[in-house]
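K.L.:
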Amino acid sequence: MLSDAAGFVQSLDATFGGFREKADRTYALLKRRGTQFVVVSAAEPDALREAAFFVDRLSREQMPLAGLILNRTHPMLSALPAERAIDGTETLDAAEPDDSTALARAVLRIHAERAQIAKREIRLLSRFTGAHPHVPIVGVPSLPFEVSDLEALRALADQMTSVQTDQAAGAG
1 MLSDAAGFVQ SLDATFGGFR EKADRTYALL KRRGTQFVVV SAAEPDALRE
51 AAFFVDRLSR EQMPLAGLIL NRTHPMLSAL PAERAIDGTE TLDAAEPDDS
101 TALARAVLRI HAERAQIAKR EIRLLSRFTG AHPHVPIVGV PSLPFEVSDL
151 EALRALADQM TSVQTDQAAG AG
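FYI, the working numbering numbers position 103 of the sequence shown as 103, with every residue one higher than the one before it.
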C-alpha cells in the first residue's frame, strides 16, 4: 500500500512538476522582448470592463500591450447629427406620402439610430481612455459577416489596415 501511495505521489510530482516548469517557461517566453499583446473588445460596458481588467493585469505583470481593438463599432458615415435626422423624419411624416419621402424617412431614421449608437460607443470608450490614456486603440466597424474562418480574418485585417492607412493620410 505504501509503495502504491509513493508511486502515486511520484506520478503527481512528475505531472504537475512538469506542468509548472512548462508554465514558467511559457510565462518567460511571453514576457520576452518582441512579444506584444492585443486586447479585443466590443464597445459594450461589460466587454470594456473586461478589457480594462486585462489591460491592468498586463501592466501589473509588466507584459507589453500593443493596444486595444474595438470591434463591431458604428462610425458616423455622415456629419448630419442624429437630432437633425430625427427632425427630418418628423418633417417628412407631415409631408404627402410617396415612395421618395418613405425612402428618405427610412434613410434618416436608420442614420439617426446609427448616430445614437456611435455617440453611445464614444461615451463608453471615453471612460476606458480616461482610465487608460496611453493605450493605442483601433476601431473596426461592424461587419456583415461573422469572423469565424481564415478568409473572414483576412477581410478583417484588410479593413483594419485600410482604416489605419486612411487615418494616417488624413493626418498628413
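Built from N, CA and C at the ideal position, the CB exists for glycine as well.
1) Determine, using beta-carbon pairs with one atom in the segment 42-56 and one in the segment 128-140, whether at least three such pairs fall under 8 Å.
2) I need the straight-line Cα distance from Pro141 to Gly88, nearest angstrom please.
3) Taking one C-beta from the segment 89-106 and one from the segment 65-77 each time, how about it: are there three or more such pairs within less than 8 Å?
4) Taking Leu65 as part of the alpha helix (DSSP H), name the residues at either end of that continuous run.
5) By Cβ distance below 8 Å, which residues in the same chain neighbour Gln116 in space, the five residues on each side in sequence not counted?
6) Is Ile69 near Val40, with beta carbons less than 8 Å apart?
7) In or out: Ala51 buried (at least 16 other Cβ within 10 Å) or exposed?
P.N.:
According to the structure data:
1) yes
2) 26 Å
3) no
4) Per DSSP, Leu65 belongs to no alpha helix (DSSP H); it is in the beta strand (DSSP E), 65-73.
5) Ala82
6) yes
7) buried
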